[in-house]
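Novice: My questions will all concern the structure given below.
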Amino acid sequence: MIKSSDFGDEFLWGVAVAATQIEGAAAEQGKGPSIWDSFAAKSGKIKKGHKLDITCDFYHKYVEDIALVKLLGFKVFRFSISWSRILPLGKEETNPLGIRFYHNVIDECLSQGIVPYITLYHWDLPQALENEGGWTSFSINAAFNAFVSICALEYGDKVKNWIVLNEPFGYTSLGYMLGVHAPGKTGLSNFFPAVLHTALAQAEGGKILRAEVSNANIGTTYSCSEIVPYTQSENDILAAKRVDCLMNRLFIEPAQGLGFPTAGWDVLEKFQLEYGTWRLQERMKFDFDFIGLQNYFPLTVKYNAFIPVIQAWEVKAKSQRKPHTAMGWEINAESFYNIIKQFAAYPNVKNIMVTENGAAYHDKLVNGHVVDAERIEYFKLYLNAMLKAKQEGINITGYMAWTLMDNFEWAEGFNARFGLVHTDFKTLERTIKYSGYWWQEFLKN
Ligand code: BGC
Numbered sequence: 005m006i007k008s009s010d011f012g013d014e015f016l017w018g019v020a021v022a023a024t025q026i027e028g029a030a031a032e033q034g035k036g037p038s039i040w041d042s043f044a045a046k047s048g049k050i051k052k053g054h055k056l057d058i059t060c061d062f063y064h065k066y067v068e069d070i071a072l073v074k075l076l077g078f079k080v081f082r083f084s085i086s087w088s089r090i091l092p093l094g095k096e097e098t099n100p101l102g103i104r105f106y107h108n109v110i111d112e113c114l115s116q117g118i119v120p121y122i123t124l125y126h127w128d129l130p131q132a133l134e135n136e137g138g139w140t141s142f143s144i145n146a147a148f149n150a151f152v153s154i155c156a157l158e159y160g161d162k163v164k165n166w167i168v169l170n171e172p173f174g175y176t177s178l179g180y181m182l183g184v185h186a187p188g189k190t191g192l193s194n195f196f197p198a199v200l201h202t203a204l205a206q207a208e209g210g211k212i213l214r215a216e217v218s219n220a221n222i223g224t225t226y227s228c229s230e231i232v233p234y235t236q237s238e239n240d241i242l243a244a245k246r247v248d249c250l251m252n253r254l255f256i257e258p259a260q261g262l263g264f265p266t267a268g269w270d271v272l273e274k275f276q277l278e279y280g281t282w283r284l285q286e287r288m289k290f291d292f293d294f295i296g297l298q299n300y301f302p303l304t305v306k307y308n309a310f311i312p313v314i315q316a317w318e319v320k321a322k323s324q325r326k327p328h329t330a331m332g333w334e335i336n337a338e339s340f341y342n343i344i345k346q347f348a349a350y351p352n353v354k355n356i357m358v359t360e361n362g363a364a365y366h367d368k369l370v371n372g373h374v375v376d377a378e379r380i381e382y383f384k385l386y387l388n389a390m391l392k393a394k395q396e397g398i399n400i401t402g403y404m405a406w407t408l409m410d411n412f413e414w415a416e417g418f419n420a421r422f423g424l425v426h427t428d429f430k431t432l433e434r435t436i437k438y439s440g441y442w443w444q445e446f447l448k449n
């Protein structure tokens, strides 16, 4: 039986959330609209047309919710700052009530003995900046840097743990290439500039925090997925390399000072030439104190000449033996172990924290109980895999479960439940699931 003490006394156990997914109060007390507010209002791309006005109402219920973090026994609470709550137009004029809100959240954490980890950007760009081109525009970097400075100066005395970006590949690919997330842009002509400005923002955000927050512990997060070729044919292996290059290597390598990877793929080589990215190698480099890894699924990839640009396609794992979560994501803890090892192999990765990991299931609240045995099994499997990597000498120092409570799951709306706590989206009542109680027990031992 796995125990939390197997990871050592210093290991940090936490739970993660993000502003857009839980706060609600989307237009209250001076908050400006974010791209997600607009996307939810207009795009027709959110399941069942769910909106962001209320979500979990964390804005008004943060005291109760931080009490839940404490009750479940977590030491760390990772949350994000809504940029347009602090700067309604993304730049220039600040919103004092928005700034106060995060002071309140931080103070509540500290008074409960919970360590806050702040994510600066978890996908909710102010709409006003998107109107100027968003991440595709070079002006985004100055705006982001100013936002980081404001947060560092405001909160840096109280908060030492910072995460610059949440999953840069997530928002650049889903939001600026595939158009299924906000702001709904598509194509390589949007994707590549968004990638470049994001890689710059990641490093420059880190440098600003380093200069302005004393004793800061600075990280950033990456989505990561083990990429497995369907067969050992040369075509499948090369297809898997291209996907790995995009999904795993694209943002960590510039931060490491290696520039953008290409894996010999002409599309990425052309991007490098067109944007002269080699000139920016130094600017994209930052020595992060920790790297946040977020893992949800592996991918099995097959060559397919009909798929434009990448010529690769996701297929079901060969064995078909692995079960899936309600998101249709393959449960495969071994792949979690493998991808941790892949990231740990970079020479400048000193410290890994798993900043998100978790699973959605079709939970049902019956007579006040949510018996989510599958989620408990999921966590056991993944924690065992992480323990194995740690025992083999990888410096993993923390783990944050995704997520505290059921919330707005982006394009899935409220239909995908990842929480340790059940949210009734009509009454806003919170009910601890069996997995929440499992964590409470786990963290005691
Ligand atoms: C994101 C979360 C999201 C989770 C589950 C991660 O990519 O950071 O915001 O809810 O995955 O999809």
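Here our numbering runs 4 ahead of the position in the sequence shown, where the first position is 1. The beta-carbon is built from N, C-alpha and C at its ideal position, and this holds for glycine as well.
Taking 9 angstroms as the cut-off, decide whether the C-beta atoms of G188 and F292 are in contact.
Specialist: no
Novice: If you measure between the beta carbons of L200 and T190, is that distance less than 9 angstroms?
Specialist: no
Novice: Identify whether K306 lies in helix, strand or coil by the three-state DSSP scheme.
Specialist: Three-state DSSP puts K306 in a strand.
Novice: Below 8 angstroms, can you find three or more Cβ-Cβ pairs linking the segment 17-36 to the segment 55-75?
Specialist: yes
Novice: Can you give the beta carbon distance from N145 to A22, rounded, assuming they're within the 8 angstroms contact cut?
Specialist: The pair is not a contact, with the Cβ atoms about 22 angstroms apart (cut-off 8 angstroms).
Novice: Give the DSSP-derived three-state secondary structure of H201 in the structure shown.
Specialist: If DSSP states are grouped into helix, strand and coil, H201 belongs with the helices.
Novice: For V319, which beta-bridge partners are listed by DSSP?
Specialist: T304
Novice: Kindly list the residues whose CB is nearer than 8 angstroms to the CB of G36, restricted to its own chain and excluding five residues on each side of it in sequence; keep chain order.
Specialist: S88, R89, L91, P92, L93, G94, N99, P130, Q131, A132
Novice: Within its chain, find whatever has a CB closer than 7 angstroms to the CB of W414; leave out the 5 residues flanking it on each side and keep chain order.
Specialist: These residues qualify, in order along the chain: H185.
Novice: Closest by CA to A316, which one among R246, L254, G417?
Specialist: R246
Novice: Can you give me the C-alpha to C-alpha distance between D69 and I314, rounded to a whole angstrom?
Specialist: Going by the C-alpha atoms only, they are around 43 angstroms apart.
Novice: Roughly how many angstroms separate the alpha carbons of T202 and L254, rounded to a whole number?
Specialist: 11 angstroms
Novice: Given the structure, does S227 come close to the ligand BGC, in the sense that its CB is under 8 angstroms from one of the ligand's heavy atoms?
Specialist: yes
Novice: Counting pairs of beta carbons, one from the segment 8-17 and one from the segment 102-113, are three or more of them closer than 8 angstroms?
Specialist: Taking a cut-off of 8 angstroms for Cβ pairs, the segment 8-17 and the segment 102-113 do not touch, as fewer than three such pairs fall below it.
Novice: Once you ignore the five residues that flank H54 on each side, which residues in its own chain have a CB closer than 6 angstroms to its CB?
Specialist: G417, F418
Novice: Quick one: is the Cβ of E360 within less than 8 angstroms of any heavy atom of the ligand BGC?
Specialist: Yes, since a heavy atom of the ligand BGC falls inside the 8 angstroms radius drawn around the Cβ of E360.
Novice: Run the CB neighbour count on F310, radius 10 Å, all protein chains shown included, and call it buried at 16 or more, exposed below.
Specialist: exposed
Novice: Quick one: residues in its chain with C-beta nearer than 7 angstroms to the C-beta of E334, no 5 flanking neighbours on either side, listed in chain order?
Specialist: Excluding residues within five positions, the ones whose Cβ falls inside 7 angstroms are F301, P302, A321, K326, H328.
Novice: For H426, write down the residues that DSSP places opposite it in a beta bridge.
Specialist: T435
Novice: Would you mind reading off the limits of the alpha helix (DSSP H) that contains W269?
Specialist: That residue, W269, is in no alpha helix (DSSP H); it is neither H nor E in DSSP.
Novice: When the distance is taken between beta carbons, is G34 closer than 9 angstroms to G102?
Specialist: yes
Novice: When burial is assigned at 16 or more other CB atoms within 10 Å of the CB, is D41 buried or exposed?
Specialist: buried
Novice: Taking the alpha helix (DSSP H) that R253 falls in, what are its first and last residues?
Specialist: In this chain, R253 is not harboured by any alpha helix (DSSP H), its DSSP state being neither H nor E.
Novice: Find out if the Cβ-Cβ distance for the pair I256, Y125 is shorter than 9 angstroms.
Specialist: no
Novice: Using DSSP with H/G/I as helix, E/B as strand and the rest coil, what is F412?
Specialist: coil
Novice: How many Å lie between E134 and G372 at the Cα?
Specialist: 43 angstroms
Novice: Return yes when the C-beta of T224 is under 8 angstroms from any heavy atom of the ligand BGC, and no when it is not.
Specialist: The answer is no for T224.
Novice: Mind checking which residues open and close the beta strand (DSSP E) that includes Q395?
Specialist: Taken as a continuous stretch (DSSP letters only), Q395 belongs to no beta strand (DSSP E), being part of the alpha helix (DSSP H) at 377-395.
Novice: Going by the beta-carbon positions, is the gap between A389 and A363 smaller than 9 angstroms?
Specialist: no
Novice: Assign W282 to buried or exposed, taking buried as 16 or more other Cβ atoms, counted over all protein chains shown, within 10 Å of its Cβ.
Specialist: exposed
Novice: Return the CA-CA distance between F43 and F429, expressed in angstroms with no decimal places.
Specialist: 20 angstroms
Novice: Runs of 4 residues minimum, wholly inside the segment 84-126: which ones carry the alpha helix (DSSP H) assignment?
Specialist: 87-90, 100-115
Novice: Who are L16's beta bridge partners in DSSP?
Specialist: G402
Novice: At a threshold of 8 angstroms, does Y300 count as lining the ligand BGC (C-beta to nearest heavy atom)?
Specialist: yes
Novice: To which residues of the same chain is D248 closer than 6 angstroms at the C-beta, ignoring the five residues directly before and after it?
Specialist: I231
Novice: How about V19 and V73: do their beta carbons lie closer than 9 angstroms?
Specialist: yes
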